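Protein chains in written order, with the UniProt record's numbering: chain C, 1 to 596; chain L, 1 to 596. C-beta: ideal position from N, C-alpha, C; glycine also. Note that the structure is predicted; figures quoted are calculated from it, not measured. Note sheet for the following structure.
There are 2 protein chains.
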Amino acid sequence: MNIINTRIQQLREKMKALKLDAYIVPSTDPHQSEYVCDYWKVRTYFSGFSGSAGTLVVTANEAALWTDGRYFLQVEQECAGTDVHLFKQVVPHAPEHIPWICNELAENAVIGLDYRQFSKSQIDYLLGFSTPKNIVLNHQPHLVNEIWTDRPALPSEKVKVHSLEFSGESTASKLNKVKAEIENQQADYYLLSSLDDIAWLFNIRSTDIDFTPLVTAYGVVGKEKSYLFSDTNRYSSELIEVFNTLNIEVLDYDLIADKLPELSKGKKIVTDAASLNYASFDAIEGEIIFQQSLVQQLKTIKNEVEIENTKKCMLKDGLAMTKFFMWLEDELKERAISEYEIGKKLTSFRKEQPLYKDDSFASIVGYQGNGAIIHYTAPEKGSAMVENKGLLLIDSGAQYENGTTDITRTVWLGGEVSEEIKTAYTSVLKGHIELDQMQFPKGTVGMQLDAFARMHLWKQGLNFPHGTGHGIGSYGMVHEPTQGFTSNMTTSRGAEAHKPNQFTTIEPGCYKKDTYGIRIENVVVSKVNEINDFGEFYGFEALTVFPIDTQLIDVTLLEKSQIDWLNNYHEKVYNTLSTKLKPSEKDWLKEKCKAL
Amino acid sequence: MNIINTRIQQLREKMKALKLDAYIVPSTDPHQSEYVCDYWKVRTYFSGFSGSAGTLVVTANEAALWTDGRYFLQVEQECAGTDVHLFKQVVPHAPEHIPWICNELAENAVIGLDYRQFSKSQIDYLLGFSTPKNIVLNHQPHLVNEIWTDRPALPSEKVKVHSLEFSGESTASKLNKVKAEIENQQADYYLLSSLDDIAWLFNIRSTDIDFTPLVTAYGVVGKEKSYLFSDTNRYSSELIEVFNTLNIEVLDYDLIADKLPELSKGKKIVTDAASLNYASFDAIEGEIIFQQSLVQQLKTIKNEVEIENTKKCMLKDGLAMTKFFMWLEDELKERAISEYEIGKKLTSFRKEQPLYKDDSFASIVGYQGNGAIIHYTAPEKGSAMVENKGLLLIDSGAQYENGTTDITRTVWLGGEVSEEIKTAYTSVLKGHIELDQMQFPKGTVGMQLDAFARMHLWKQGLNFPHGTGHGIGSYGMVHEPTQGFTSNMTTSRGAEAHKPNQFTTIEPGCYKKDTYGIRIENVVVSKVNEINDFGEFYGFEALTVFPIDTQLIDVTLLEKSQIDWLNNYHEKVYNTLSTKLKPSEKDWLKEKCKAL
């Protein structure tokens with residue numbers, strides 16, 4: 001029997017024994033993380049599907065996997081030969097399986113699930129559908145372990161301090177801001193579940209999750225004493241000592257379950273319903289004040305030290321990209337290279353840079369038509385062979401101890417460029433420039449700004465099916481809340497107003513199935529441009545420093561202001577990178593940065 | 001004693017007798033109309049304030065008037081010497097008085113109000129605040145009449161058929177669409193409360209409300225039989241006969257109160273909670289299915305006949321504007337003219353055009369700094385004297401039997417133009433052009449498009465504090481739901497996607513207090529531009545035909561595509577209007593339409 005089917009079979013047997021009519025396996029961990037450590041890859045274990053988003057629902061007759069358009073092809077491949085049945089989500093991340101389950105199940109049915117993997121908000125949503133049919137939820141924290149006997153351990157790597165030199169603000173100072181909010185809410189504690197909130201507040205980093213330097217933990221801030229629930233073996237005695245001086249006690253991760261009822265009894269706790277898991281919610285015995293994460297709001301505004309450090313790490317990233325693209329051009333004269341090898345080689349160039357820790361996500365190296373697959377991953381075996389012709393899209397980034405990068409360039413490797421591609425590329429570039437150089441009043445939200453990145457594509461009858469950009473951390477999450485650019489007003493990336501000193505990506509694109517994929521992405525920092533009688537006006541400044549391929553531009557489509565932008569950008573790129581380059585590299589870069 | 005204070009005193013005496021602790025007087029009628037007939041000007045009667053938006057709340061100690069920034073000055077003037085106390089609303093139309101009332105009143109207090117003047121949604125909102133304090137609502141349909149003994153009668157003008165020649169769709173055809181929806185909802189009746197929905201569906205017009213050709217009525221559509229509740233004396237026997245053939249019975253307006261319980265008992269009724277008044281809601285004995293007005297959705301898509309007729313009426317409006325502006329230029333050489341006289345004269349030129357019925361709103365004629373008052377009305381006595389220098393803003397429009405117009409032009413009357421004004425004017429014009437010539441995919445909403453009208457102002461550190469445009473009817477409401485352009489996502493103008501064949505205004509502006517007001521407004525129709533692999537793309541076409549003043553333009557700020565747009569527009573204006581003009585008028589227009 002197929003291994004996945006065996007596992008589903010084992011799950012059904014357990015369900016039967018426990019009188020569960022359905023079991024829900026989500027993709028997340030107890031912290032609502034976007035990416036999770038191996039221990040929490042439960043949905044992958046039971047379905048075979050390894051994508052970042054998707055939910056498996058197992059009933060007596062169905063093994064229903066819900067995911068969105070990015071992953072349909074991947075599910076087809078990874079779940080081939082299994083009983084897993086793909087349900088195509090219309091809206092990514094929407095809980096479209098919930099109405100389905102409650103419709104499938106009979107009255108008084110029982111749904112099993114691990115409360116730790118569901119946020120308070122998600123369970124509330126589920127209850128809205130289940131309650132009218134008297135369908136009951138049943139918390140099962142041990143069921144998975146009983147089946148998955150060789151489940152990987154939780155991360156054990158040492159926890160490192162994110163030093164003041166890079167963070168720009170001490171834990172003491174950050175804690176004081178949270179304590180002020182506790183006072184403000186007339187509360188006693190602030191509970192943090194989100195790993196990136198915890199990493200920021202306590203200035204700690206580790207390697208728990210691929211590409212994301214976070215530490216598995218819960219945090220509780222009190223007016224006097226604070227707690228970090230995390231594997232104590234991972235903390236050096238020096239770090240424990242530092243925390244002690246700040247009145248922070250480190251307790252074992254699992255102790256949260258016992259300590260929460262004790263701490264909260266008769267007290268008021270402020271927390272965020274979107275990241276609080278339902279097991280923690282259940283354990284709180286006091287009053288809860290739900291509030292959008294304050295730490296998220298603080299973290300998204302970068303301080304001067306973070307901005308200066310990110311500029312430094314962008315320089316390093318630009319140097320690595322320069323060396324990599326020089327290598328690629330040279331090598332392609334000799335031989336064809338697989339997309340997979342190109343991705344590995346790019347990582348190797350980044351690794352040479354000081355303070356490099358990891359890539360910030362799995363590089364997307366998409367040649368010709370593969371560039372049109374938005375979340376493409378070149379397979380280790382059998383990926384397309386790149387030659388010195390056609391279009392190559394590379395979306396990549398890294399985690400440096402002094403910042404996080406994310407850059408996409410689409411380059412022409414040789415041969416004749418079609419008018420179609422030139423028009424699409426130039427329109428993407430115009431959209432990128434339009435948004436980069438936009439000035440906008442305080443209060444302008446992501447959905448409004450998103451339109452500027454699309455307008456030149458729209459005028460050509462083109463568009464792209466993804467958001468235009470996301471917040472990005474400082475040696476933190478490559479997709480960091482809250483702001484961004486998207487045409488979806490129901491997400492924070494669409495609805496949040498941009499504020500000064502935030503890091504955001506600008507990444508419009510254009511994709512034609514099996515033909516081409518184009519995307520041009522920089523990270524920008526927002527800033528105050530002017531304050532006058534009409535209000536405060538903000539703008540952006542590009543942080544990413546690497547040339548944008550000019551071979552693909554149809555210059556007749558550019559306005560003078562757009563040509564000026566590109567020439568100024570390339571002048572800045574050259575001036576920033578060239579001092580750190582060897583003569584031959586300088587020459588190469590000079591050519592790439594030549595004014596239009 | 002001041003007359004207003006006397007009325008408030010009389011109201012307080014009645015309230016005391018009826019044991020009411022507060023009485024709420026809103027600005028609307030039983031149909032949630034934006035403008036109301038004299039009979040329903042109850043808030044004006046009790047407060048003295050005549051603006052279109054505002055709510056008076058009378059308690060034993062307070063006469064609190066809530067209105068927004070457009071009207072602060074007007075309230076100061078109109079309510080001077082009275083006990084009326086202005087409460088400044090932060091958000092226009094927001095029910096900010098509701099929390100205030102429920103905070104002021106003690107537990108178990110009683111609020112009096114006429115349920116007919118409140119929508120179901122508004123009462124639900126009020127109950128949300130009143131219920132926790134056990135504050136009770138008390139319906140008072142007769143109280144106002146007992147005080148306001150010389151209250152004007154309801155409108156009595158004959159009802160006219162809006163003929164097929166202008167409407168482009170028969171009542172029978174429209175009724176069938178509503179009946180299909182009744183079937184679709186497995187319901188029995190469709191109840192209409194909104195006067196413009198009723199005027200559209202039954203193809204009727206009259207003069208009940210200033211500037212708006214609507215008929216006071218309720219409509220009920222049944223699968224077999226339909227009803228129009230409206231003053232039967234206003235309907236000719238021929239019209240009654242026509243309605244009879246369509247199985248529509250006309251019953252007296254007040255009969256709705258008796259007939260609704262009878263018709264609805266044991267039945268399902270579809271209606272719109274936003275326009276259904278609470279008295280009607282209370283009278284329904286069957287099941288109610290709430291739904292955003294279907295008729296509103298149908299009405300906003302114009303048919304070919306309506307589009308062709310609107311083009312014809314835009315031509316007439318352009319001719320009237322041409323004759324008017326020629327007169328104004330000539331006359332200003334001789335004498336200064338008051339803003340008020342200019343407004344009257346403009347109306348007189350429009351009246352000369354065939355099928356003219358009324359102005360579509362009170363013309364805004366704002367000279368120099370008065371142009372900065374967005375809802376300015378020049379007073380009959382003492383309005384500013386316009387001379388042949390400086391800036392004049394005129395926002396005006398008309399109701400013709402074949403369409404509705406709304407146009408704003410800002411013109412330079414002579415003297416030196418400052419750089420500041422040229423920059424602001426050119427930026428407004430660029431925003432207007434940007435939105436007019438935008439192409440956008442299906443699904444794009446008003447909030448996204450709004451940004452294009454602002455971007456060039458933003459880049460200059462400028463902005464304007466109002467929406468960029470609104471839907472407009474076809475011999476209907478000058479502000480017609482649902483679509484529009486605004487940066488507020490909580491309104492339908494921000495949240496609704498634009499669809500082909502809708503009429504919308506584009507009217508960006510720029511205002512500096514006491515200095516200048518600039519606005520450039522056209523009506524546009526939306527259309528399908530192209531359908532390709534990337535989806536459906538829509539665009540706009542200007543319907544308004546009248547030159548845009550080029551004296552105020554700083555040509556160095558315009559891109560070539562913007563100059564092309566303006567030259568093409570002026571060519572179209574000249575070609576459209578000139579065939580109907582006398583030689584001297586043609587010459588005048590030719591000069592105004594000269595290419596840049």
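Local Cβ density within 10 Å of residue i, reported as buried at 16 or more and exposed below that
i: ALA595 of chain C; result: exposed
i: SER383 of chain C; result: buried
i: LEU18 of chain L; result: exposed
i: GLN448 of chain L; result: buried
i: LEU319 of chain C; result: buried
i: PHE72 of chain C; result: exposed
i: residue 630 of chain L; result: There is no way to answer for residue 630 of chain L, as the model of chain L reaches only from 1 to 596.
i: THR404 of chain L; result: buried
i: ASP124 of chain C; result: exposed
i: GLN460 of chain L; result: buried
i: SER119 of chain L; result: buried
i: ARG234 of chain L; result: buried
i: GLU419 of chain L; result: exposed
i: ILE4 of chain C; result: buried
Residue i: first and last residue of the uninterrupted alpha helix (DSSP H) it sits in
i: TRP40 of chain L; result: Premise fails: TRP40 of chain L is in no alpha helix (DSSP H) and is neither H nor E.
i: THR55 of chain C; result: Taken as a continuous stretch (DSSP letters only), THR55 of chain C belongs to no alpha helix (DSSP H), being part of the beta strand (DSSP E) at 55 to 59.
i: TYR574 of chain L; result: 560 to 578
i: CYS510 of chain L; result: Note, CYS510 of chain L: premise wrong, no alpha helix (DSSP H); beta strand (DSSP E) at 509 to 512.
i: THR322 of chain C; result: 304 to 334
i: residue 600 of chain L; result: Here chain L covers residues 1 to 596 and nothing more, so residue 600 of chain L does not appear.
Rounded straight-line distance, which links the Cα of residue j to that of residue i
i: LYS389 of chain L; j: GLN77 of chain L; result: 29 Å
i: LEU20 of chain L; j: LEU191 of chain L; result: 32 Å
i: GLU107 of chain C; j: SER50 of chain L; result: 58 Å
i: PRO155 of chain L; j: ASN134 of chain L; result: 39 Å
i: LEU255 of chain L; j: SER194 of chain L; result: 17 Å
i: ASN244 of chain C; j: LYS323 of chain C; result: 45 Å
i: MET326 of chain L; j: TYR356 of chain L; result: 20 Å
i: GLN140 of chain L; j: THR131 of chain L; result: 19 Å
i: LYS592 of chain C; j: GLU306 of chain C; result: 29 Å
i: THR556 of chain L; j: LYS422 of chain L; result: 11 Å
i: PHE485 of chain C; j: TYR115 of chain L; result: 44 Å
i: GLU380 of chain C; j: ALA94 of chain C; result: 31 Å
i: GLY168 of chain L; j: GLU304 of chain L; result: 7 Å
Counterpart residues of residue i in DSSP-defined beta bridges
i: GLU541 of chain C; result: C:VAL525
i: GLN399 of chain L; result: L:ASP358, L:THR404
i: THR271 of chain C; result: C:PHE290
i: LEU65 of chain C; result: C:LEU56, C:LEU86
i: ILE24 of chain L; result: L:VAL57
i: PHE440 of chain L; result: L:TYR538
i: SER119 of chain L; result: L:ASN277
For residue i, the first and last residue of its enclosing beta strand (DSSP E)
i: TYR356 of chain L; result: 356 to 359
i: HIS85 of chain C; result: 85 to 88
i: THR131 of chain L; result: Here THR131 of chain L belongs to no beta strand (DSSP E), and DSSP marks it neither H nor E.
i: TYR190 of chain C; result: 189 to 192
Interfacial residues, the stretch 456 to 480 of chain C to chain L, with Cβ spacing under 7 Å: TRP458, LYS459, GLY461, LEU462, ASN463
Members of the UniProt domain "Peptidase M24 C-terminal" (536 to 596) of chain L that neighbour chain C once the beta carbon cut-off is set at 7 Å: PHE537, GLU559
Residues of the stretch 361 to 392 of chain L whose Cβ lies closer than 7 Å to any Cβ of chain C, in chain order: none
Cβ-based contacts, 7 Å cut-off: residues of the stretch 146 to 164 of chain C near chain L: none
Near-chain C residues of the stretch 427 to 458 of chain L - C-beta to any C-beta below 9 Å: GLU434, GLN437, MET438, GLN439, PHE440, PRO441, GLY443, THR444, VAL445, MET447, GLN448, LEU449, ASP450, ALA451, PHE452, ARG454, MET455, LEU457, TRP458
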